[in-house]
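Just below is one structure, and these are the notes that go with it.
Printed below as a string of structure tokens:
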């Protein structure tokens, strides 16, 4: 098994794909972090110059202590993890496209072991992408945010944890979809359309139909809920008793509208990843490699 893992690792490090996707991931996270701090500061300045006594009373803190950067950070993580998902999607579809999947399967004791080794390697890459996202996002936010708008040490640790977890899960999801759809262009287009367009439109429809709770059980809604729910929890941890209506608004701002608690959201998306990966595994078991 160790040799299979080493072989899969060499496949990813001997091509430029890993850094070709890691660079735009880092740039996007950094840019979003910079924008988050600037927009947060603009909002706080605007709120401080207007009558927001009622909101301040609800939250129990003055506008300059609102940790508004948390919402932008959650959004940044959600959008940045699109790249590790694409990286994972090319794990099998890319091999099928290059016709190297035949050698992969023939040199492994079984296709199941080959798939397991590939998954272990891509879990590692998902963690690397997650750490890179958090590093560059943190740099951007720290540069442009006031200290009072930033999370404390515990908050940073929690955000890092869910960022890495989100990146790993998105990578796993991509691997599964790539195994199900052995076409590079088709896989990428489908994933981008679904996560950036289709499900977001579906969220609006569900909200209009007044059944937003369904959102938390969809793939994009659950993975967004993983990070968004944590950011809202961290924001509210410094506030007083907040009305349910305001909490719902905060969740929507963080991209977690209709989402479950962060750990439930993680389990829901893990289930989606497991279903997709199981389908991909079943597909590869019967695939003709001659």
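Residue numbers (my numbering): 1 to 290. Beta carbons: idealized from backbone N, C-alpha and C, even for Gly.
A distance below 8 Å separates the beta carbons of residue 88 and residue 126. Look at residue 82 here: in three-state DSSP terms it is helix. Shortest Cα-Cα distance from residue 73 to any of 275, 272, 256 involves 256. Around the CB of residue 10, fewer than 16 other CB atoms lie within 10 Å, so the residue is classed as exposed. In the three-state DSSP reduction, residue 278 falls in the helix class (H, G or I). The shortest CA-to-CA distance from residue 77 to any of 92, 25, 123 is the one to 25. Rounded to the nearest whole angstrom, the CA to CA distance from residue 144 to residue 85 is 28 Å. Closest option to residue 259, judged by alpha-carbon separation, among 216, 246, 279, 269: 216. Ranked by how close their Cα comes to the Cα of residue 120, the residues 171, 223, 23, 268 have 171 in first place. In the structure shown, the three-state DSSP call for residue 150 is coil.
Per DSSP, the continuous alpha helix (DSSP H) segment holding residue 8 begins and ends at 2 to 13.
Judged by DSSP secondary structure, residue 199 falls within the alpha helix (DSSP H) whose first and last residues are 199 to 208.
Relative to the Cα of residue 37, the nearest Cα in the group 67, 209, 161, 166 belongs to 67.
Using a 10 angstroms sphere on the CB of residue 210, the tally of other CB atoms stays under 16, which defines it as exposed.
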